[in-house]
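Residue numbers (this note's numbering): 38 to 192.
All residues carry an ideal CB built from backbone N, CA and C; glycine is no exception.
Because the structure is a prediction, the values reported are computed rather than measured.
Okay, structure first, notes after.
Take a look at the structure:
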C-alpha cells in the first residue's frame, strides 16, 4: 500500500464532528460567529471576546460577549466626592467603544435632605461629562465630603 492509498483509507473513515459523533471540525471565522447561522464549525474563546465577564459587589460590572451585542453594565455605590464641587469618578473598567448612559444619584444624603448630584460638563462647559473611562459630576453637598452611586451602560 502506498502513501496515497493510506491517506485515502484514513480520509474515508474521518467524518464531520457533531454533538453526538466524534470526528473532525473546522474552526469558525469571526464573521460566522457573529452571524450565528453555521452549525458545522466550532468557536474558540478568542472569538467569543471574554464570554461573560462579571464582578459582583458594591462596585461591579457585567460584560456581555460580542455575539450578545457587547453591552457593558457597570455600577458603584458609596463613591466619596468633594462637597459642592465638580468631581471625577472612574468606571471599574473602561468602555471600549461608547458610553450610552450614566445615571447618578446621591448616596448618604445630608441630614436636611436637600442634597443632589448631577452630571456636569465641567467648568464653563469646556468638556463633556462622559468619557470612556470616567465621568464628571456636580453636587450641592455641604463643604467636606459627599457621596454618589451610579449605574452606566455602554459598549
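- Under the DSSP assignment, residue 172 falls in the beta strand (DSSP E) whose first and last residues are 171-176.
- Taken through DSSP and simplified to helix, strand or coil, residue 187 comes out as strand.
- By the Cβ test, the region 60-80 is not in contact with the region 89-99, since fewer than three Cβ pairs between them sit closer than 8 Å.
- Contact check for residue 105 against residue 174 fails: the beta carbons are separated by 9 Å or more.
- In this structure, the alpha-carbon of residue 78 lies about 9 Å from that of residue 53.
- Residue 51 and residue 102 have their C-alpha atoms spaced approximately 33 Å apart.
- Within the same chain, and ignoring the five residues on either side of residue 123 in sequence, the residues whose Cβ sits closer than 6 Å to its Cβ are 157, 173 and 175.
- One Cα belongs to residue 44, the other to residue 73, and the distance between them is close to 33 Å.
- The residue from 95, 187, 55 and 169 with its alpha-carbon nearest to that of residue 133 is 169.
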